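Participant: The structure follows.
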């Protein structure tokens, strides 16, 4: 026991300065940022659109909700200078299973009255595990979400926010609905990663549903997977905590 | 679609003249490829045991929960309660379900039910070129994306028959070893957490984060997605980049050694692992267990040593084997493999090849049809790829998770509820990998 404590003490403070200061390079690898596309001649531009495996590119526009950061567009003129925190216009969630559009993402009143402390329940609806582990990383000493009033709860009955990870598969529709029902109001959903937002690479999966089919506000958190600092930023946005100085570089 | 219980699934359309080939593990852990008809007719190759088939059930269609092994509870223990764990849990942290049958405390039967996160990856990639299909293959299971991508690419190259740049092969192995370190760190850390050791939990979690950051710095992505694509812009293959990566891995390993020493000296932790979820050697073999699970039960097979793809044939490695077959043995194998992978990284960086070398792939099993196997973090992974005009016509695979479910169900039987997480983390099963 003494050995453990000595070991922890020897390692010292690891926790990130975020949100007091902007995330560091170590916390945000280049693929955490949305690419910014440079204008190209028409033919090259079409080639670049064809290279994108999720069809997220149209001219120089890129849909953050679909982009899986595969970096193929970089070959055909792009740079990693986009915003890191997923801010920007709400992403296009792609055609729903019935080809229908999508509703408003943040009905008033918003931000929801959660105060400054929230309890979060993560639900996997068809992920590759990367998002799951990045969400779980919030409790490691580097991010330590509890210092910001963000706590994981093992049951949806105590949860304010539902973190949805993965492609919404047909088999998970009923479990998702029941989990959402079990949560007390007010509640909100955070769609973590491209799969949960738009289906990402799997947007043509038969039986896929969208997380915003429920009458609950949705916060979109692009990435594949989003880095833990990005998840922290999204959670803070979800509870209406204003951006700290320098939070957006 | 051709589907064979449990072992692997074939999707896509095979050439008419050709019947599905199926990869089997023979009793001596070798791999045989036979056609489905040959298996049923001649019995030349060892078929999977009846027990295996009974437990795995039929792999199913998109979105339908599958793999429901039907085993009754022990009648002597009274009518057992069927306790469904999942698909929404905080403990598994994945969408999957394990039904536990219990008359009270002791688990008398275990029914894993996968299929909740079926994303139809195998079908989606049909019709694409191998490199174009990489993003899907990688996202079968994020933490082992490189193992899947490299095995898939090796199988495709075996189908094409073209020589492969040597540096590409080394890069794949380097990425795979980094991910092995990260995966094993996660399992060890979460088993420490299950034993209620908060300081140890935090320290191991910090180490896993450092592994992810090291991958992010070196490969541009914390999960190394995209790395194996030769056009990937964030590759860093300069000598100095490789050197700094090796230094980072070496310091990670030193910190791990200290933590593992402390964990091994923590009585509460070791007590929870010792004689928990025991898997006998004979049963491990009969059920076709692979990877750290098999090696924890004394089955010393490791693809990196026993059936290596380049560059593993040039590297120095001895499989980590324990004989006890309990959770401690499996976790110890994982700990040893973290140390070995760190050594492999060092060896690879020291002997990094020049740009010009080319290596011939494994010969294919038929024109346009190739296969490959490699040791993923959870064990033997087999891909069998058929190409037509350079595009994927059919894809078969047998994942390590799919192979280890029956062993997990067998080992957990007879344990108590609170042993579950130690069994779970030591077996390292993945619903994402199973479902595809």
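Protein chains in written order, with the numbering used here: chain A, 218 to 466; chain B, 42 to 477. Cβ atoms here follow ideal geometry from the backbone N, Cα and C, with glycine treated the same way. Please read all numbers here as calculations on a predicted model, not as lab measurements.
Rounded to a whole number of angstroms, what is the C-alpha to C-alpha distance between residue 182 (chain B) and residue 471 (chain B)?
Facilitator: 8 Å
Participant: For residue 261 (chain B), which option in B:248, B:254 and B:275 has the closest C-alpha, if you only look at C-alpha atoms?
Facilitator: B:275
Participant: When DSSP labels each residue in this structure, what does residue 302 (chain B) get in the three-state scheme?
Facilitator: helix
Participant: Give a yes or no on whether the C-beta atoms belonging to residue 265 (chain B) and residue 296 (chain B) are separated by under 8 Å.
Facilitator: no
Participant: Out of B:130, B:324, B:291 and B:179, state which residue places its alpha-carbon closest to the alpha-carbon of residue 450 (chain B).
Facilitator: B:324
Participant: Short of 7 Å in beta carbon distance, which residues of its chain neighbour residue 114 (chain B), apart from the five on each side in sequence? Order them along the chain.
Facilitator: Confidence at residue 114 (chain B) is low in this model, with a pLDDT of 44, below 50, so its placement is unreliable and the value that follows should be read with caution. Cβ neighbours of residue 114 (chain B) beyond the five flanking positions: 121, 142, 149 and 150.
Participant: Output, in sequence order along the chain, the residues in the stretch 259-270 of chain B whose CB is closer than 9 Å to any CB in chain A.
Facilitator: 260, 261, 262, 263, 264, 266, 267 and 270
Participant: Considering Cα atoms alone, identify which of B:179, B:234, B:205 and B:195 is closest to residue 467 (chain B).
Facilitator: For the set B:179, B:234, B:205 and B:195, the Cα lying nearest the Cα of residue 467 (chain B) is the one of B:234.
Participant: In chain order, what residues of the same chain lie with their CB nearer than 7 Å to the CB of residue 337 (chain B), ignoring the 5 residues before and after it?
Facilitator: 363, 366, 370, 371 and 374
Participant: Any C-beta of chain A sitting closer than 8 Å to the C-beta of residue 220 (chain B)?
Facilitator: no
Participant: Between residue 274 (chain B) and chain A, is the shortest Cβ-Cβ distance under 8 Å, so that the two count as touching?
Facilitator: yes
Participant: Given residue 193 (chain B), which residues of its chain have a CB within under 6 Å of its CB, disregarding the five upstream and five downstream residues?
Facilitator: Cβ within range, chain order: 178 and 424.
Participant: Rounded to whole angstroms, what is the Cα-Cα separation between residue 266 (chain A) and residue 288 (chain A)?
Facilitator: Looking at the backbone, the Cα of residue 266 (chain A) and that of residue 288 (chain A) are separated by about 12 Å.
Participant: Whole angstroms are fine: how far does the CA of residue 136 (chain B) sit from the CA of residue 127 (chain B)?
Facilitator: Computed Cα separation, rounded: 7 Å.
Participant: I want to see whether chain A comes within less than 8 Å of residue 28 (chain B), judged by CB atoms only; does it?
Facilitator: This structure leaves residue 28 (chain B) out entirely; chain B is present only between 42 and 477.
Participant: For residue 246 (chain B), would you say it is in contact with chain A, using Cβ-to-Cβ distances shorter than 8 Å as the test?
Facilitator: yes
Participant: When we look at the beta-carbon of residue 359 (chain B) and count the other beta-carbons within 10 Å, is it buried (16 or more) or exposed?
Facilitator: exposed
Participant: Where does residue 399 (chain B) fall in DSSP's three states?
Facilitator: strand
Participant: Taking the C-alpha atoms as reference points, what is the distance between residue 255 (chain A) and residue 277 (chain A)?
Facilitator: Looking at the backbone, the Cα of residue 255 (chain A) and that of residue 277 (chain A) are separated by about 6 Å.
Participant: What does DSSP give as the partner residues of residue 185 (chain B) in its beta bridges?
Facilitator: Answer is none; residue 185 (chain B) lacks a bridge partner.
Participant: Would you list the one or two residues that DSSP bridges to residue 417 (chain B)?
Facilitator: Under the DSSP definition of a beta bridge, residue 417 (chain B) partners with B:420.
Participant: Using a Cβ-Cβ cutoff of 8 Å, what residues of the stretch 431-454 of chain B are near chain A? List them in chain order.
Facilitator: none
Participant: What does a CB cutoff of less than 8 Å around residue 257 (chain B) pick up in its chain, not counting 5 residues either side in sequence?
Facilitator: 263
Participant: Let me know the secondary structure DSSP gives residue 259 (chain B) once reduced to three states.
Facilitator: helix
Participant: Is there at least one Cβ from chain A nearer than 8 Å to residue 470 (chain B)'s Cβ?
Facilitator: No, because no Cβ of chain A sits closer than 8 Å to the Cβ of residue 470 (chain B).
Participant: Give me the Cα-Cα distance between residue 248 (chain A) and residue 457 (chain B), rounded to the nearest whole angstrom.
Facilitator: 44 Å
Participant: Would you call the stretch 191-211 of chain B and the stretch 391-407 of chain B in contact, with 3 or more CB pairs under 8 Å?
Facilitator: yes
Participant: Suppose the cutoff is 7 Å on Cβ atoms and the five residues either side in sequence are ignored; what does the same chain contact list for residue 394 (chain B) look like?
Facilitator: 207, 208 and 211
Participant: Would you mind telling me which residues of chain A sit closer than 7 Å to residue 157 (chain B), beta carbon to beta carbon, in chain order?
Facilitator: 386, 388 and 389
Participant: Quick check: the Cα distance between residue 166 (chain B) and residue 250 (chain B), rounded to an integer number of angstroms?
Facilitator: 31 Å
Participant: Using the rule of at least 16 other Cβ atoms within 10 Å of the residue's Cβ for burial, across every protein chain shown, is residue 228 (chain B) buried or exposed?
Facilitator: By the neighbour-count rule (16 or more Cβ atoms within 10 Å), residue 228 (chain B) is buried.
Participant: Could you tell me which residues DSSP puts in a beta bridge with residue 427 (chain B)?
Facilitator: For residue 427 (chain B), which the question treats as bridged, DSSP gives the partners B:410 and B:435.
Participant: Would residue 416 (chain B) be called buried (16 or more neighbouring beta carbons within 10 Å of its own) or exposed?
Facilitator: buried
Participant: Under DSSP, the alpha helix (DSSP H) around residue 393 (chain A) begins and ends at which residues?
Facilitator: 390-399
Participant: Going by DSSP in three states, residue 239 (chain A) sits in which element: helix, strand or coil?
Facilitator: coil
Participant: Please name the residue or residues paired with residue 153 (chain B) in a DSSP beta bridge.
Facilitator: B:139
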